[in-house]
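Here is the structure we will look at, set down as structure tokens.
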DNA sequence: CCGTCGGGTTGACGTGGATCAAACGCAGGG
DNA sequence: CCCTGCGTTTGATCCACGTCAACCCGACGG
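Chains as they are written, first to last, in the working numbering: chain A, 195 to 441; chain B, 195 to 441.
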């Protein structure tokens, strides 16, 4: 696998930033903090990094120092094993945290790649631990975020272990829809930032199967699909498909 | 599904306990703590619970208050969705923590069930947060444990998403072997505490497939299997099978 | 304008594991 | 001792998804 220009690049811009006037503060780490606590958090989030589509935020094997909050843009994380197989473990959007997997061994265990031009806030982890020893709310919120990641992963395990192809895709789309909605975007119409192949990798399916499922959903009038542009026409239908089925 | 005696029972014995003289302190939360810190931890781990095989430690939907450290015995956790499908999300043995999934919403999101007579230490979570604000090492260690759970889940996602049946079982057995070894037991010979069905649920396979894979491993002289008693005859062979294959 | 290229769609076919079904074997109870 | 029941094994068949291959289509460059 040759290193192309994008994967080789790790350069990025650094911008001064502050949580206290970030419009994501209701979505991100600062949730529920008092104004004076928020000010302390400002000192913590020292740098902002800009990444172009295809850039690596970090790579498996790199030393872990910071976690990252997505300020804008869209990421995927993936793990790969010796024999070449790989799997997308998640897609991260605005306000979500990246890098939690690195805490355990002080080494990142997956790659994080920008799927579109993006910005992240880097949060040095030792600072975060320091500050969360002072601010209960921050500590508790951080624990909740980690726990939520575990719960999310269990959901994916469920999906991979028990659902069939179309159920998986329906679950995936409904989840995306949900998350766009929470960010003030239309839950019914959005652009996929990832390829069919990346969706397949996440869902444990081949891209052809994903493509066929999209086509079938269109025939069933559940979706309108134009390349990566998705419009959900029948949310209930998708939900039913997700739980119902299974002979 | 009728509630039988075992599933209905939630009663348990309570025993006074102390981390400072627990022989698991190198495996469990106390890792790396100084003696005086250890003493503080003793106050925190207030109660020990005994469970019989089949007892629920907690159930999905119950209010989350404590995490639990397995002192002896063996557990499984599983999630289930409306339509009746369920999936085992993990097996926990001595020194491992249970209940981390409950932190995010203050409600347990899975069931934890003893697969043999077991004992756990209950650790009230708010106390743990309090103490980890005082003891850096404890705080950091706890974060590592949560992170390790995330990494583990990614491994399972990888397994479910990309491996075929025999690779999954090989990976599963090698993982168990590893964990028994870390606890001072033979890595080559052990008893499975779970049924073929539970293994299958965890690995995203049907019990028949698990059974056939066991039989095939025996033919290949990789294992000796007598019901739930497993002896690994060829670790390297299992490892090769795990990574190698794939046309 | 056309040629190329990468991602996506669609079709034909093969297969790994699910499903269905029968039989086995150990454990527990009478 | 035999009967019963559950977990497991094993076999026969089926089908969802993977594989392989052709083709489409919008983007981009010359």
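Here a beta-carbon is modelled for each residue, glycine too, at the ideal position from N, C-alpha and C.
query	result
Listed by chain order, chain B residues near residue 276 of chain A by CB distance under 7 Å	437
The stretch 301-313 of chain A touching the stretch 268-277 of chain A, judged by at least three CB pairs closer than 8 Å	yes
Whole-angstrom distance between residue 381 of chain A and residue 370 of chain A, CA atom to CA atom	8 Å
Minimum Cβ-Cβ distance from residue 252 of chain A to chain B less than 9 Å	no
Positions along the stretch 322-340 of chain A whose CB lies within less than 9 Å of some CB in chain B	323, 324, 326, 327, 328, 330, 333, 334, 336, 337, 338, 339, 340
Where the alpha helix (DSSP H) containing residue 346 of chain B begins and where it ends	330-356
Simplified DSSP assignment, three categories, for residue 391 of chain B	helix
Touching by the beta-carbon criterion (3+ pairs, under 8 Å), the stretch 352-370 of chain A and the stretch 243-250 of chain A	no
Simplified DSSP assignment, three categories, for residue 385 of chain B	strand
Contacts around residue 427 of chain B, its chain only, beta-carbon distance under 7 Å, and the 5 residues preceding and following it disregarded	415, 416, 417, 418
Minimum C-alpha distance to residue 284 of chain A - residue among A:215, A:387, A:423	A:387
Proximity test, Cβ basis, 9 Å: residue 288 of chain A and chain B	no
Bridge partners - residue 305 of chain A, DSSP secondary structure assignment	A:272
Beta-carbon proximity list for residue 232 of chain A, same chain, < 8 Å, skipping 5 on both sides	213, 214, 219, 224
Whole-angstrom C-beta distance between residue 292 of chain B and residue 257 of chain B, which should lie under 8 Å	At roughly 15 Å, the Cβ-Cβ gap does not stay under 8 Å, so residue 257 of chain B and residue 292 of chain B are not in contact.
Under 9 Å from the C-beta of residue 304 of chain B: neighbouring residues of chain A	345, 348
Secondary structure of residue 325 of chain A, DSSP reduced to three states	helix
Burial state of residue 434 of chain A (16 or more Cβ within 10 Å)	exposed
Whole-angstrom distance between residue 238 of chain A and residue 332 of chain A, CA atom to CA atom	12 Å
Length of the line joining the Cα atoms of residue 421 of chain A and residue 261 of chain B	46 Å
Residues bridged to residue 459 of chain A [DSSP beta-bridge criterion]	A query on residue 459 of chain A cannot be resolved here, the shown segment of chain A reaching from 195 to 441 and no further.
Min CB distance residue 245 of chain B to chain A below 9 Å	no
Inter-residue spacing [alpha-carbon to alpha-carbon] between residue 222 of chain B and residue 289 of chain B	5 Å
Buried or exposed by the 16-neighbour rule on C-beta atoms within 10 Å, applied to residue 344 of chain B	buried
Closer than 8 Å at the beta carbon, the chain B residues around residue 388 of chain A	Chain B residues near residue 388 of chain A: none, gap ~15 Å exceeds 8 Å.
DSSP three-state assignment for residue 264 of chain B, whether helix, strand or coil	strand
Straight-line Cα distance separating residue 402 of chain A from residue 391 of chain A	8 Å
Sub-9 Å separation of residue 316 of chain B and residue 242 of chain B beta-carbons	yes
Assigned exposure category for residue 277 of chain A - 16 Cβ within 10 Å defines buried	exposed
Proximal residues of chain B, C-beta to C-beta of residue 298 of chain A below 7 Å	338, 341, 342, 345
Continuous alpha helix (DSSP H) stretch holding residue 233 of chain A: start and end	229-238
Residue 366 of chain A classed as buried or exposed, judged by whether at least 16 other C-beta atoms fall within 10 angstroms	buried
Rounded C-alpha distance that separates residue 251 of chain B from residue 342 of chain A	21 Å
Residue(s) in a DSSP beta bridge with residue 423 of chain A	A:385, A:420
Proximity winner among A:228, A:211, A:259, A:280, relative to residue 460 of chain A (alpha-carbon distances)	Here chain A covers residues 195 to 441 and nothing more, so residue 460 of chain A does not appear.
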